[in-house]
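Residue numbers (our numbering), protein chains in the order written: chain E, 56 to 341; chain W, 27 to 361; chain Z, 7 to 96. Contents: one structure, followed by commentary.
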Amino acid sequence: MKHEHRLKVGPVTFRVGSQWAAPVRQLAELYRDYPAADAVCDFTVRLEAEKPWRRWVRPSVAIRGDYMLPDAVPMALEHGLLAAEMGMNLQMALGYRRHLLLHASTVERDGRALLMTGLSGSGKSTLAALLGEAGWRLMGDEFALLDLDTGTLHPFPRAVSLKNQSVYVMEERAGPNRLGPWLKGTPKGAIRHFRPSRDAIERMSEPAAPALILFPRYGRDLEAAVRPVGPAEVFVRLTQASTNYVALGERAFDALTHLVTTVPALAIDYPSTEAALAQVEELWAK
Amino acid sequence: MNAARLLVRALAEPSSARSLRDPEWTALIAVARAEALIGSLAYRLQEEALPSNVGTIFEAARRDAEQAKRQALWEAEMARRALAPLDLPVILLKGTAYTAAGLDAGLGRSIGDLDIMVPRDRLDEVEQALLAAGWEWVKEDAYDSLYYRRWMHELPPLIHRERDRMIDVHHTILPLTAKPKPDAAGMIADSVELDGGLRVLSPPDMIVHAAAHLFADGDLAGGLRNLWDIDRMLREFGGRAGFWPELHDRASRHQLLPAVQRAARIAADFYGTPSPTGWTRSHKVDRAFRARLVARNGWGQATRPALRLGFYVRSHLLRMPLPMLARHLWIKARR
Amino acid sequence: MAGPRYIADSADELKAVPLGGLVAIFHRPSGITHLLAPPAPQILEALASAPADEEVLLARIEERFDVEGGAEALVPRLAELEAAGLVRRA
Numbered sequence: 056m057k058h059e060h061r062l063k064v065g066p067v068t069f070r071v072g073s074q075w076a077a078p079v080r081q082l083a084e085l086y087r088d089y090p091a092a093d094a095v096c097d098f099t100v101r102l103e104a105e106k107p108w109r110r111w112v113r114p115s116v117a118i119r120g121d122y123m124l125p126d127a128v129p130m131a132l133e134h135g136l137l138a139a140e141m142g143m144n145l146q147m148a149l150g151y152r153r154h155l156l157l158h159a160s161t162v163e164r165d166g167r168a169l170l171m172t173g174l175s176g177s178g179k180s181t182l183a184a185l186l187g188e189a190g191w192r193l194m195g196d197e198f199a200l201l202d203l204d205t206g207t208l209h210p211f212p213r214a215v216s217l218k219n220q221s222v223y224v225m226e227e228r229a230g231p232n233r234l235g236p237w238l239k240g241t242p243k244g245a246i247r248h249f250r251p252s253r254d255a256i257e258r259m260s261e262p263a264a265p266a267l268i269l270f271p272r273y274g275r276d277l278e279a280a281v282r283p284v285g286p287a288e289v290f291v292r293l294t295q296a297s298t299n300y301v302a303l304g305e306r307a308f309d310a311l312t313h314l315v316t317t318v319p320a321l322a323i324d325y326p327s328t329e330a331a332l333a334q335v336e337e338l339w340a341k
Numbered sequence: 027m028n029a030a031r032l033l034v035r036a037l038a039e040p041s042s043a044r045s046l047r048d049p050e051w052t053a054l055i056a057v058a059r060a061e062a063l064i065g066s067l068a069y070r071l072q073e074e075a076l077p078s079n080v081g082t083i084f085e086a087a088r089r090d091a092e093q094a095k096r097q098a099l100w101e102a103e104m105a106r107r108a109l110a111p112l113d114l115p116v117i118l119l120k121g122t123a124y125t126a127a128g129l130d131a132g133l134g135r136s137i138g139d140l141d142i143m144v145p146r147d148r149l150d151e152v153e154q155a156l157l158a159a160g161w162e163w164v165k166e167d168a169y170d171s172l173y174y175r176r177w178m179h180e181l182p183p184l185i186h187r188e189r190d191r192m193i194d195v196h197h198t199i200l201p202l203t204a205k206p207k208p209d210a211a212g213m214i215a216d217s218v219e220l221d222g223g224l225r226v227l228s229p230p231d232m233i234v235h236a237a238a239h240l241f242a243d244g245d246l247a248g249g250l251r252n253l254w255d256i257d258r259m260l261r262e263f264g265g266r267a268g269f270w271p272e273l274h275d276r277a278s279r280h281q282l283l284p285a286v287q288r289a290a291r292i293a294a295d296f297y298g299t300p301s302p303t304g305w306t307r308s309h310k311v312d313r314a315f316r317a318r319l320v321a322r323n324g325w326g327q328a329t330r331p332a333l334r335l336g337f338y339v340r341s342h343l344l345r346m347p348l349p350m351l352a353r354h355l356w357i358k359a360r361r
Numbered sequence: 007m008a009g010p011r012y013i014a015d016s017a018d019e020l021k022a023v024p025l026g027g028l029v030a031i032f033h034r035p036s037g038i039t040h041l042l043a044p045p046a047p048q049i050l051e052a053l054a055s056a057p058a059d060e061e062v063l064l065a066r067i068e069e070r071f072d073v074e075g076g077a078e079a080l081v082p083r084l085a086e087l088e089a090a091g092l093v094r095r096a
């Protein structure tokens, strides 16, 4: 393909090819602090015109690659960076097999990891990004990688996709240099990508043992609340949050039953990010 | 070298992989995934010294293939249980058959739907038994259903509501509108029983079916994989006494000798598959088939659109005479 | 009158982990995970490698557990286990 960028996030090397220069240029800029990619790539992502003439006329980017969804809707060219990110996510969700992949965010402190999972809109991405600027190491906002042999969590600190208000919150905390370009009017609303801290990137091959599982739920009108979640419910919710649980077979069963029977789990409701940060610190201290 | 050719060479001669440079490995992996041959390749190169992350990628591919095999065999077993009260021969086809029979062709093979063949006069009972055991129609559409029932060699696809896996129930191996008329009853009569009660086609019929599927039915998309199946089977069965004359007879009886001989010729050319003298005399049209089979680049993209379109049109012509094809495409287009 | 006889896979085909009051079961032949509530795990245990009709099955289970509702309560559970592929006709 005409334009290409290779990047490594956690244990995975991606090759992103594009018919247009802009998405690849933005991607390279966003991931400029990341270490060199491996020589052989794990996954290939292609950003290509949906139909040959759509390269020039009302350009629209089809997200393709080693693994793809047959009915994926193409995106506008100005959202090409998001298309690249979605293409990489798709490879992970459909093709990754080295760890049990959980749709969850992870942060670490003192060698122990906090795993947060919930429906989209639960605020786990923003929460993880905020904790990453408040004394924690951001291990990943989207995918948590559970080691099938050791039971530890492996970092996957890709850029965090922030929506609307969260963008301003993070800009205030971390400054403007950590943010990618505004992508307005995307299917996910107005978004900007947020680059994790240098520390998070430098330590992206350093795993941590899980110590607490949280199921956050955000609602402006919710009272701050905490309730324990039993192992059967945690198990079901985590199998649902995993895209490769079935594909990994018995090893995934072993790793996940071990996780849910050894690590405590809590559901928290929070009305604001400040409240959530306070809740996390309080629960972590226990 | 064209990336699809890299894949063909690596499958045919695993030692050729030793000279690959890093970008070629990336290309090889992309093209193997696009051709659904990553599992087969991973097993084929298992004994080779590989760059470290290539080894990791292939190890994952082998594990994936193991899991796919388990799921495919389980799906076959659930169909067996659902159909057991009917007391009829249930013949596994394609990937599930190769895997269940323990053939080399099954090693690392990707397996999608479950394909089975049953006697045509028992089709209604089979349909009812599957519906009662949790399978459902994928689409409830009168035209599609009529089209399948009148012209096709299989029931409209069914999907299991719990396990989310598809089953294709065939009563012969080609659409009824196709020119060759295979002897389905003869295939069933010659089928071989496996442990557990399910059956597979006899070795020559398995090859006839694979060749028919490759050259007399589809548009050759995914053809490298089908041709690899044929290579594996011809090697595995080819040494048995009397195999080649038997294959010749069976292929003739099913009116598919040209497809089988073309498969043997191109497999010999691509994978070095052994075949008897007289089978490999080159044929002018083979060149287009060969070009179509390797129309893929190192990014996993399909190349040569005009050639692919030609084969797409051909696949419809093979299935249906022209006036019927026009009607079919017209109805499809209006929806 | 004896009804159909059922059998379950032997114990080494299953891996069971208790989770609270439920049991997570990994079924090796299918690679499918099931989360079962009583009396389903007890039915599987009683039928492992030893076929039985409903009556015999109930007797086996009652030897070791209390089953609320008797055989009536077992019938729907047995049908579910058969549909899931964990129990088959012998």
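Just so you know, even glycine gets a beta-carbon here, dropped at the ideal spot from N, CA and C.
The stretch 118–130 of chain W makes no contact with the stretch 156–169 of chain W: fewer than 3 CB pairs, one atom from each, lie closer than 8 Å. Taking CB atoms only, residue 152 of chain E has a neighbour in chain W less than 8 Å away. Under the three-state reduction of DSSP, residue 324 of chain E is assigned to strand.
A distance below 6 Å between beta-carbons, with the five flanking residues on each side excluded, links residue 23 of chain Z to the following residues of its chain, in chain order: 30. Taking residue 111 of chain W as reference, the option from W/158, W/87, W/75 with the minimal CA-CA separation is W/158.
Per DSSP, reduced to three states, the secondary structure at residue 225 of chain E is helical. Identification of chain W residues near residue 94 of chain Z by a Cβ-Cβ cut-off of 8 Å yields 107, ordered along the chain. Look at residue 99 of chain W here: in three-state DSSP terms it is helix.
Contact between residue 325 of chain W and residue 72 of chain E holds, with the beta-carbon distance rounding to 6 Å and staying under 8 Å.
The straight-line gap separating the alpha-carbon atoms of residue 243 of chain E and residue 158 of chain E is approximately 17 Å.
A Cβ-Cβ contact shorter than 8 Å links residue 338 of chain E with residue 321 of chain E. By the rule that beta-carbons nearer than 8 Å mark a contact, residue 122 of chain W does not touch chain E.
Legend: CB atoms of the stretch 15–35 of chain Z lying less than 8 Å from CB atoms of chain E belong to residues 21, 23, 25, 26, 27, 28, 30, 32, 34.
In this structure the stretch 321–341 of chain W lies against the stretch 44–60 of chain W, because at least three pairs of beta carbons, one per stretch, are closer than 8 Å. Between residue 301 of chain E and residue 307 of chain E, the alpha-carbon positions lie close to 8 Å from each other.
Its chain contains 66 as the residues whose beta carbon lies nearer than 7 Å to that of residue 153 of chain E, once the 5 sequence neighbours on both sides are disregarded; these appear in chain order. The C-beta of residue 37 of chain Z comes closer than 8 Å to at least one C-beta of chain W.
Within the stretch 239–323 of chain E, the runs of alpha helix (DSSP H) that reach at least 4 residues and sit entirely inside it are, in chain order, 253–257, 286–295, 300–303, 305–317.
By the C-beta density criterion, residue 180 of chain W is buried, having at least 16 other C-beta atoms within 10 angstroms.
In the three-state scheme derived from DSSP, where H, G and I count as helix and E and B as strand, residue 214 of chain W is classed as helix. The alpha helix (DSSP H) runs lying completely inside the stretch 187–267 of chain W and spanning 4 residues or more are 210–215, 229–241, 249–264, given in chain order. Neighbours of residue 91 of chain Z across chain W, judged by C-beta separation under 8 Å: 100, 103, 104, 107. DSSP places residue 209 of chain E within a strand segment (E or B) once states are collapsed to three. Residues of the stretch 153–175 of chain W that bring their beta carbon within less than 7 Å of a beta carbon in chain Z comprise 160, in sequence order. Within the stretch 87–98 of chain E, the residues whose Cβ lies closer than 8 Å to any Cβ of chain W are, in chain order, 93, 94, 95, 96, 97.
The residue from E/123, E/196, E/285 with its alpha-carbon nearest to that of residue 142 of chain E is E/123. Interface flag for residue 50 of chain Z against chain E is unset, since no Cβ pair is found closer than 8 Å.
Residue 237 of chain W has its alpha-carbon roughly 6 Å from the corresponding atom of residue 285 of chain W.
Assigned with DSSP and collapsed to three states, residue 12 of chain Z falls in strand.
When Cβ-Cβ separations below 8 Å define contact, residue 190 of chain W makes no contact with chain E. Apart from sequence neighbours up to five positions away, the residues of its chain that approach residue 310 of chain E with a beta-carbon distance below 7 Å are 155, 201, 203, 206, ordered along the chain. Residue 164 of chain W carries a coil assignment under DSSP once its states are collapsed to helix, strand and coil.
Taking 8 Å as the cut-off between beta carbons, the residues of the stretch 312–339 of chain E near chain Z are 312, 315, 316, in sequence order. Bounds of the beta strand (DSSP E) holding residue 73 of chain E are 67–73. By the Cβ-count criterion, residue 70 of chain W is buried, with 16 or more other Cβ atoms from all chains shown falling within 10 Å of its own Cβ.
In the three-state scheme derived from DSSP, where H, G and I count as helix and E and B as strand, residue 135 of chain E is classed as helix.
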